[in-house]
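Take a look at the structure below.
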Amino acid sequence: MPENGGFSAAEIEREKRLALGYSGESRPARLWHSLPKLPQKNVLRCDLCAHYCVIKDGDVGACLIRKNEGGKLYSLNWGKAEGLAVDPMEKKPFFHFKPGTRVLSFGAPGCNFRCLNCQNWQLSQAVKQLGPRALQTPLLTPEMIAASAVKHQVDGVAYTYSEPTIFFEYAYDTIQACRKKMQKEKKEKNKPGLPPDFFHVFVSNGYFTKEMLDLVVRERLLSAIRIDLKFMDDKKYWRICGGRVQNVLDSIKRVAALRQNADWPVHLEVINLVIPGENDSDDDFEAVSSFIRSISPDIPLHFSRFFPLYKMADKTPTSTERLLQARKIAQDAGLHYAYVGNTDLPGAEDTHCPKCNHLLIQRDRFGIEKNVFEGKKKTEGKKKSASPPACPACGEKINLIL
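For what it's worth, the working numbering labels the leading residue of the sequence shown as 65, then goes sequentially.
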């Protein structure tokens, strides 16, 4: 188990006892290894998330979802989908990946963070609050999710709401189920099914390991990942979320590097939730913007408005003035695509050409009013060898996957 962060040892022990009371559905976990040199038997290390929990026999990791049973690691939230819904891609938000498409979204109980401001705390913190009851929900198999994707004629699946890293096995099996369904439907002509460029995306806190990302690339699991960069201050990350900022920064760098991966490119977007009194100073905005700019000016950066929730219900919503200031600082730092989200500010979510400022995509919250690239969609297979779309006014290449 990692250190406790801003949370008491007594609280964590209480939550662990709750989680250990679960005796229902489980599946063998991926990404772990035994530690045979330790004096205790059957101890292992989980290699899925950046906590790298060392878990004793009969114990669980920091997420309360991955359990050591007899020296083997198991996932306890497999098949426990919550919040299954059809969403526009822009709601995630992804603005530069498949604009105008629709995704089947779902999450599962559990998280490797303990964010005091979590907007989905009823799901992400469910095991910490309810123990086994959080996992005693009807089983929704990957095959059922694939069938639902066909039924609703969506373009992809988004693993979201809670932290998808923590239900990685469930997501992995869902991806395989969708692929099998596509192969089967390919043989059965004239039958509605999943499109040939069907995709899968993670909406993540970025607290996953290099080992997980290597598996994602090796087996071509995800086409895009959106990462939350909550703070640039490690003490605040620790106090408010229970994580370390460097691990998130490393994930952003690794995913960003995959844009140039000829074998399997992965698209990246970053979001920064602006919380009054925590990360809303000019220095905070400059630190986030400078870091993203140091990697690439083409990474889309979303500054999102905070609303009082969970254990930060006593705070006030972010002022629109601070959000607009954040965007200005990002643009001044040289970022080509900076957005303001969770507001009704006109033009705050529009995409312009970074060279000539021509309006490329006009958005209205989760809808698209105008898209100059409409009708130029490419299939997943063609995408790998195709060059990025160009601004129709000046020819500038745009970091956009259609």
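Virtual Cβ for every residue (Gly too), placed ideally from N, Cα, C.
All of these numbers come straight from a predicted model, not from anything done at the bench.
- Rounded to the nearest whole angstrom, the C-alpha separation of I119 and C110 is 7 Å.
- Per DSSP, the beta bridge partners of S268 are I291.
- In this structure, DSSP gives T229 a helical state, which the three-state scheme calls helix.
- With respect to the C-alpha of G439, the residue from E89, K162 and A114 having the closest C-alpha is K162.
- Per DSSP, reduced to three states, the secondary structure at A402 is strand.
- For A377, the three-state secondary structure derived from DSSP is coil.
- By the criterion of a C-beta distance shorter than 7 Å, A198 is surrounded in its chain by P173, A190 and V191, once the five residues flanking it on both sides are discounted.
- Unbroken alpha helix (DSSP H) stretches of 4 residues or longer found wholly inside the segment 297–344: 309–321, given in chain order.
- Residue pairing by DSSP leaves E283 without any beta bridge partner.
- Rounded to whole angstroms, the Cβ separation of P228 and S268 is 6 Å, and the two are in contact under 8 Å.
- Take the alpha-carbon of I289 and the one of G134: they are about 34 Å apart.
- A direct Cα-to-Cα measurement between H97 and L108 gives close to 6 Å.
- A straight line joining the alpha-carbon of H264 with that of L286 spans about 5 Å.
- Judged by their CB atoms, T205 and S169 are not nearer to each other than the 8 Å cut-off.
- Between S226 and N184, the C-beta spacing is below 8 Å.
- About 5 Å separates the beta carbons of A320 and L332, which is inside the 8 Å limit, making them a contact pair.
- Put simply, the backbone Cα of I393 is about 49 Å away from that of K136.
- Annotated three-state conformation of S98 is strand, per DSSP.
- Secondary structure note for P206: its alpha helix (DSSP H) is the uninterrupted segment P206 to K215.
- Fully enclosed beta strand (DSSP E) runs of no fewer than 3 residues occupy 130–133, 136–139, 146–152 and 166–171 of the segment 117–191, in order along the chain.
- Rounded to whole angstroms, the separation of the alpha carbons of K131 and S90 is 9 Å.
- For I462, the secondary structure class from DSSP, reduced to helix, strand or coil, is coil.
- When beta bridges are read from the DSSP output, Y223 appears opposite F170 and F266.
- Secondary structure at A454: strand, using DSSP grouped into helix, strand and coil.
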